[in-house]
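Residue numbers (our numbering): 456 to 810.
Only one structure is covered here, and it is reproduced in the block below.
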Ligand code: ADP
Ligand code: MG
């Protein structure tokens, strides 16, 4: 069942900046949609509006094509898992998972079967009799998932479900969630401020800044064609240089990037991903202006992060493979020639995407 959100707005108090402004997006049936944005962007508010935990000032929400803007939480058919969605400490894992079904007075044998099925699904079969306090943080969140799924919700809403866990467990649970989703195919909306998490797990990503949707689409498309410099910098990090169009090229100092559609003299921002910066050693024929100095070089596992200072005073962040850097025999202080192998040009003052 898809989730369709149209023109959703929410202001918590008069005079406040609205937390959510005219938000429209669709979470496709059977997919994981990532709602991604910096802290304070309004992600949780959107999710709580979809869940029915908050009421919108304007706009509508439809689940499976049916408007549910005024449907109370319990009747919306949504399951949710929050970062700190506490389990009942005095109940066993089994009882926690069964909770929603018991409240609905389902027959005992039906509850037992369903709980067993869910414990298998979240890979906690041997833990059914434990109390939450006897589980790790990751296991507790998996119980929370089982509890959310118990009542067969139409939609699963996840608000930073792994946010309180340490980095290693978070990575494990990303993979776990992908498997869980492959088995259930339940329409899911995942709120996160972690770009890697959204891009790894979600098939569809909605980017929220300052309460507004700025871009939505498949993760790769957003990465390859961000709509503005802010999105580009937020997803994947980017070098941002101020430049100007001359002779159909955006020029940053003396580095030039093709910009055929922009008028002469237009001020632009040029975005270059760290892995799109190519370094070579200067030769006698290299013009001096593209030569910079390595001011920092750090090996991070299989790749190397470098900073190069250009004569313009700009600093360029570079990511390169370890093999490539080793072959060049360079280190901090080495002079290198900088080339941009991929770049995006944004005209200042609007969000036009040029290349
Ligand atoms: P995110 O989840 O993206 O970090 P939130 O949706 O939690 O963002 O918050 C968006 C904005 O709305 C923030 O400025 C936050 O302070 C405000 N806000 C959220 N919930 C409330 C509330 N219950 N009362 C007042 N302001 C709130
Ligand atoms: Mg939040």
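Quick reminder that beta carbons are idealized off the backbone N, C-alpha and C, glycines included.
| Item | Value |
| --- | --- |
| Own chain partners of residue 650 with C-beta closer than 8 Å, once the 5 adjacent residues on each side are dropped | 491, 689, 690, 691 |
| Selected residue, minimal CA-CA separation from residue 480, among 700, 666, 714, 546 | 666 |
| Assigned exposure category for residue 719 - 16 Cβ within 10 Å defines buried | exposed |
| Three-state secondary structure (DSSP) of residue 739 | coil |
| Per-residue burial, residue 462 [other beta carbons within 10 Å of its own, 16 or more giving buried] | exposed |
| Presumed contact (8 Å Cβ cut-off) between residue 749 and residue 789, rounded CB distance | 5 Å |
| Check: residue 614 C-beta below 7 Å from any heavy atom of the ligand MG | yes |
| At least three beta-carbon pairs within less than 8 Å, the region 674-687 to the region 510-519 | no |
| Test item: CB-CB of residue 603 and residue 536 under 8 Å | yes |
| Reference residue 758, options 746, 767, 774, 747, closest by Cα | 774 |
| Span separating the alpha-carbon of residue 505 from that of residue 726 | 35 Å |
| Given 8 Å, three or more beta-carbon pairs between the region 608-627 and the region 572-584 | no |
| Cβ-based burial, residue 615 [other Cβ within 10 Å; buried from 16] | buried |
| Check: residue 760 C-beta below 7 Å from any heavy atom of the ligand MG | no |
| The beta strand (DSSP E) enclosing residue 672, as first and last residue numbers | 667-672 |
| Beta carbon of residue 791 nearer than 8 Å to that of residue 747 | yes |
| Buried versus exposed call for residue 768 [16 or more other C-beta atoms within 10 Å across all chains shown] | exposed |
| Beta-carbon contacts of residue 517 that lie in its chain and below 6 Å, excluding the five residues immediately before and after | 459 |
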